[in-house]
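Adding 86 to a residue's 1-based position in the sequence shown gives its number in my numbering.
Structure first, commentary second.
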Amino acid sequence: MNILATLQDRFRQAFEGWIEDYEPLVELVRPGQNPKFCDYQANCAMPMKQQLGQPPREIAAEIVKRLEIEDICEPPEIAGPGFINLRLKESWLAEQLVAAGQDERVGVPTTETPQTVIIDYSSPNVAKPMHVGHIRSTVIGDSLYRIRKFLGHNVISDNHIGDWGTQFGMIIYGYRHFVDQEAFAKSPVEELGRLYQWVRKIMDYQALEKELPDLQAKTEQAQVAWQKWQEEHPESDKPTEKKAAKKWKQERKAAEQGVTNFGVATKEASAKYSKLKESANLIQAAEAHPNIAQKTLEETAKLHAGDAENKRFWEEFLPPCIAAIEEVYERLDVTFDHTLGESFYHDRLPQVVEDLKTKGIAKPTEGAIGVFLPEQDIPFLIQKKDGAFLYATTDLATIQYRQEQWQPDQVLYVVDHRQSQHFELLFATAKKWGYDETDFRHVSFGTVLGDDGRPFKTRAGDAVGLEGLLDEAVRRARGVVDELMVKKKEEGEEVFPESELQEIAETVGIAAVKYADLSQSRSSDYVFSYDKMVATKGNTATYMQYSYARCSSILRKSGETIDWQIEPSEMTCQDPNERQLAIKLLQFPEVLNLVLVDDRPNLLTAYLFELAKLVSAFYEACPVLKADTEAERKRRLLLCDLVARVLKTGLGLLGISVVKRM
Ligand code: ARG
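This is how it looks when you write it as structure tokens:
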């Protein structure tokens, strides 16, 4: 039962035939802020003043008169300027608790309007090791997949791996010139990773060598321009009129900004350059392989053109790379229905371009082919001058294929925010191409930062590898678990065997990484911190898992078998802590629906955190095993059971496992 949806429905019925366009008003029925005053509140009377020309309190009274809600709520109260306060009836609450308890889905109904949804997530570029940047797409996508599936949608996950891109040209070139055969025989993935990094470094070095003088010149120009601006605009000329002064300030800022921007870019570039220069081997390789970027592109072009040798390399390199990625997925407990990478669409690209040209959607531009879209300053390029196809072309072919295969109502792309423009152009092009009934969404996310507020990197400046990161999280989790055991020992309780401790550490460590990510608003950047993520207090997976384990342990210690075949009257809450907990438990379905409105799993973590805090307050106020009466003990044990199940289900929907004891 979705309480919010049910209440909103009653308001809808009250408005029908009386008020026009009432849907936005229905949205104003929401969970209350303070349990002292109400459980839910409707704030729709105030905005109705316009339409009805009556004082809001009178309107509120009229709404209440029309509202048929007495089976669910106590008589509504009108407060302040016209708020309608709703309080759920104790008997109704008790009935809902029993229904949720008896339901293996803990009261979450499946949708009446199932949709076919494709979720494109994780999608790493293979042939380079997975790094911290891949966490977000993988865990956010996985949880959106799990939640939609749980709600009864037809969900298809598709890992659109980058298995055909320029990185293959890089490793093919690297393999031809720098491979250590012995290392390759021992661990192809590691050696390919090394080759990728090595070629990348040479490319970076050569690029910086070229760019640095240019950057320095631009910094100087900006400095000159700034000097000139200051001379031409002495402080004494600053206008006093407000608008003009504002404009003056803006111009000044723009002139100064140039110096800062180029200054920072130059400083960063020259720091990177000096660091690379420390390696004599690198300088030597850069000299021996001039213009390596161009050469790697040529290798990629050869692969795409069907060159037999490069195709053979590709066929040899791909499987071990995929196997390595799969190991990470296994550890993260993430699976995909399909893994159709970029290479899968290779044959379809020419025909995509042809079709778009024939339909007059794409046309030549400076030798290339692009789609011109209204309200977009740049064309969406689908074929380069040299005939090569682009990332964009593959994405269009993918849309076409998915449409043929699955006719999705919705397609989500869980990809970082730097690709926003790509997706804007892609979706607009797809619409023009005829896919105008599909709801395409870019579920974008921010960057994972280090302590210094910059993208999270190793000390050497490389991206942090995902496997090492998971190992470290598990190591920290082990530290936390060991501390818990010390406490147990001190309190004379049983210490768990070594094998169990290691298992708990693995579960807790992986969960910590996932939860830390999911609990952030996806659109913002967040600072990665091992210490914070495994903390036993606060909004962390560890705290949630602990809360679950505590509940399970109470249930275990009670020695009773949980049986929900009871009369609703036995579940009537007697204490405000019980009541608040009960309402929170029953709000689980509405939270899941809320998560999907804008694809924000952090709304679920926030809910679970509130739930865990309420449980903690409930234990304080309401002894369970030592309850005063048998009836009280039974009711509280059943509440504990429902808490444990909602926590487990909720965490499960985030891809997080629980442990029975901690
Ligand atoms: N492989 C791409 C990258 O690493 C992400 C792919 C996202 N999915 C898509 N259909 N474009 O940047």
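A virtual CB, placed ideally from N, CA and C, is assigned to each residue, including glycine.
Spanning the alpha carbons of Q496 and Y477 requires a straight line of approximately 21 Å. F236 sits in a helix when the DSSP states are folded into three classes. Looking only at A185, Y415, Y521, the smallest Cα-Cα distance to E653 is reached by A185. Within the model, the alpha-carbon separation for D684 versus L230 is close to 11 Å. Counting only the Cα atoms, F236 lies some 33 Å from W519.
Here Q437 is exposed: its Cβ has fewer than 16 other Cβ atoms, across all protein chains shown, within 10 Å. In the three-state reduction of the DSSP assignment, E428 falls in the helix class.
Following the DSSP letters along the chain, one finds R116 inside the beta strand (DSSP E) bounded by residues 115-117. Cβ contact annotation for K388 (same chain, cutoff 6 Å, sequence separation greater than five): N396, in chain order.
The continuous stretches of beta strand (DSSP E) do not include H217, and DSSP gives it neither H nor E. Exclusion of G279 from the 8 Å shell around ligand 1 follows from its C-beta lying no nearer than that to any non-hydrogen atom of the ligand. Going by DSSP, F513 is part of the alpha helix (DSSP H) stretching over 506-519. Sequence-distant Cβ neighbours of W315 in its own chain, meaning closer than 6 Å and more than five residues away, are A341. When DSSP reads this structure, T479 sits in no beta bridge, so it has no partner. In the structure shown, the three-state DSSP call for E160 is coil. When only Cα atoms are considered, G166 and I155 end up about 21 Å apart. Counting only residues of its own chain and dropping the five nearest sequence neighbours on each side, E558 has a CB closer than 7 Å to the CB of Y616. Taking the Cα of E106 as reference, the smallest distance to any Cα among A91, P133, P117 is reached at P133.
Proximity of the region 579-590 to the region 538-550 falls short of the contact definition, fewer than three beta-carbon pairs being nearer than 8 Å.
Only buried fits D481, as 16 or more other CB atoms lie within 10 angstroms of its CB. The residues K287, I288, Y291, L362, in chain order, have a CB closer than 8 Å to that of L368 in the same chain once the five nearest residues on each side in sequence are set aside. Positions of the beta strand (DSSP E) runs, each at least 3 residues long and wholly inside the region 515-563, are given as 525-531 in order along the chain. For F704, the closest C-alpha among the options W312, L667, Q136, E373 is that of L667. Shortest Cα-Cα distance from Q283 to any of P465, E413, D548 involves D548.
Taking 8 Å as the cut-off, one finds no heavy atom of ligand 1 near enough to the beta carbon of D107. Secondary structure at Y291: helix, using DSSP grouped into helix, strand and coil.
When beta bridges are read from the DSSP output, Y126 appears opposite P117, L172. Taking every residue with its beta carbon within less than 7 Å of a heavy atom belonging to ligand 1 gives, in chain order, D206, S209, P210, N211, H246, I247, G248, Y477, D481, T484, Y499, V501, Q505. Between V550 and V218 the beta-carbon gap is near 4 Å, inside 8 Å, which marks them as a contact. Judged by their CB atoms, Y126 and I89 are nearer to each other than the 9 Å cut-off. According to the DSSP assignment, Y705 belongs to the alpha helix (DSSP H) that extends over 688-707.
Collapsing the DSSP output to three states places G248 in a strand. Put simply, of L298, F403, P141, Y521 the residue whose alpha carbon is nearest the alpha carbon of E490 is Y521.
Within the DSSP secondary-structure output, D502 pairs in a beta bridge with F531. The shortest CA-to-CA distance from E401 to any of I257, I742, P117 is the one to I257. Distances from the CA of C159 to each of T92, P142, D323, E354 were compared; the closest alpha carbon is that of T92.
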